[in-house]
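Engineer: Residue numbers (the numbering used here): 2 to 100.
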């Protein structure tokens, strides 16, 4: 998994990719300011499992992106976390990354 973020005038762009996955339901993006994580995705960003099916392994590269356009994204101390969620409800945290 790779995770990158960049700050622009209008907000923060997060981009990530996965190389191998199984049962990947999707992702949530969190903004962390002073140790307080706030989920910025209103819905799950769909993962490879939604197109491949449950229990099907993928070794292909999948690319994802999300814009944080909230005013809090301009806080220079903000860092970002990615929460990877499986169909079974298990999750893995990735990050933090600093724009």
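Even for Gly, the Cβ is constructed at its ideal location relative to N, Cα and C.
Check residue 7 in the structure and name its three-state DSSP category.
Structural biologist: If DSSP states are grouped into helix, strand and coil, residue 7 belongs with the strands.
Engineer: How would you call residue 36, buried or exposed, if buried means at least 16 neighbouring beta carbons within 10 angstroms?
Structural biologist: Label assigned to residue 36: exposed.
Engineer: Please tell me whether residue 12 and residue 74 are closer than 7 Å, where the distance is taken between their beta carbons.
Structural biologist: Going by C-beta atoms, residue 12 is nearer than 7 Å to residue 74.
Engineer: Might you give, ordered along the chain, the residues of its own chain that have their beta carbon closer than 7 Å to the beta carbon of residue 76, omitting 5 neighbours on each side?
Structural biologist: Only 34 meet the Cβ criterion.
Engineer: In terms of alpha-carbon separation, which member of 62, 30, 86 lies closest to residue 6?
Structural biologist: Comparing Cα-Cα distances from residue 6 to each of 62, 30, 86, the minimum goes to 30.
Engineer: Would DSSP call residue 75 helix, strand or coil?
Structural biologist: Looking at residue 75 - three-state DSSP - the assignment turns out to be helix.
Engineer: Using three-state DSSP, classify residue 97 as helix, strand or coil.
Structural biologist: The answer is strand: DSSP assigns residue 97 an E or B state.
Engineer: In or out: residue 64 buried (at least 16 other Cβ within 10 Å) or exposed?
Structural biologist: So residue 64 counts as exposed.
Engineer: Tell me whether residue 66 sits in a helix, a strand or coil according to DSSP, three-state version.
Structural biologist: Residue state, collapsed to three classes: strand.
Engineer: What first and last residue would you give for the beta strand (DSSP E) that runs through residue 15?
Structural biologist: 12-19 is the extent of the beta strand (DSSP E) around residue 15.
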